[in-house]
Amino acid sequence: MKAQDILARHKLQPTAMRMLVLSYLQKQEKAISLSGLYDDFENADRTTLYRTLKSFEENGLVHSITDKKGTVQYALCHADCDVHEHNDAHIHFYCTSCENTYCLPKFNIPSLELPKNFQKSEVKLLVEGVCDQCQ
Ligand SMILES: [Zn+2]
Ligand SMILES: [Zn+2]
Ligand SMILES: [Zn+2]
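Structural data, given as structure tokens:
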């Protein structure tokens, strides 16, 4: 799907910055932090970048993962996330060697048993270990 169509599907106006950030995120193999994004868009206004990412998150285009150091990392949503709801029930992987966080959309979090009257709203699973690049 073209960047423009993806943005339209998520009810976002196709501004130049959104197009750029979207195609950038599509090329990433790992999740990216806000400061990582700033580094790669040196000449862009930080507030604009921040707002771009936030609008993506709010409209079901990216989801966030907090890594071991407490840094928020962002990855594109692959599942059926939409403007109203995220459905990213997959595993994330934190490599303790390269310190990258990977989004693994094909690997679902197994269903969980919870005590009676505990209602889950979201499940996050961050697996730690060594990634394939660092083996
Ligand atoms: Zn999502
Ligand atoms: Zn690694
Ligand atoms: Zn993910």
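My numbering puts the first residue of the sequence shown at 74, with every later residue one more than the last.
Cβ atoms here follow ideal geometry from the backbone N, Cα and C, with glycine treated the same way.
Which whole-angstrom value describes the C-beta separation of residue i and residue j, a residue pair presumed to lie in contact below a C-beta threshold of 8 Å?
i	j	result
M90	T125	5 Å
L149	L98	5 Å
H163	N181	5 Å
K141	E195	Not quite, the Cβ-Cβ distance comes to about 19 Å (not below 8 Å), so this is no contact.
V156	K84	5 Å
E130	S137	6 Å
With C-beta atoms as the reference, is residue i less than 8 Å away from residue j?
i	j	result
A104	Q77	no
K193	L199	no
L204	C154	It is Cys, not Leu, that sits at residue 204 in the sequence shown. Not closer than 8 Å, so no.
L80	L93	no
If we count the other Cβ atoms within 10 Å of its Cβ and call it buried at 16 or more, is residue i buried or exposed?
i	result
D161	buried
T120	exposed
Y123	exposed
G133	buried
Y167	buried
L185	exposed
T169	exposed
T108	It should be pointed out that residue 108 corresponds to Ser in this sequence rather than to Thr. Label assigned to S108: exposed.
Considering only heavy atoms of ligand 3, does any lie closer than 7 Å to the CB of residue i?
i	result
A171	As written in the sequence, residue 171 is Cys, which differs from the Ala given in the question. No, Cβ of C171 sits at least 7 Å from all heavy atoms of ligand 3.
P178	yes
I79	no
H210	Not covered by the structure: residue 210. The range shown for the chain is 74 to 208.
Closer than 7 Å to a non-hydrogen atom of ligand 2 - does that hold for the CB of residue i?
i	result
V200	no
Q101	no
Q206	yes
V156	no
Taking 7 Å as the cut-off, is the C-beta of residue i nearer than that to any heavy atom in ligand 1?
i	result
N132	no
N181	no
H163	no
Runs of 4 residues minimum, wholly inside the stretch 86-113: which ones carry the alpha helix (DSSP H) assignment? 89-100, 107-113
Runs of 4 residues minimum, wholly inside the stretch 119-176: which ones carry the alpha helix (DSSP H) assignment? 119-131
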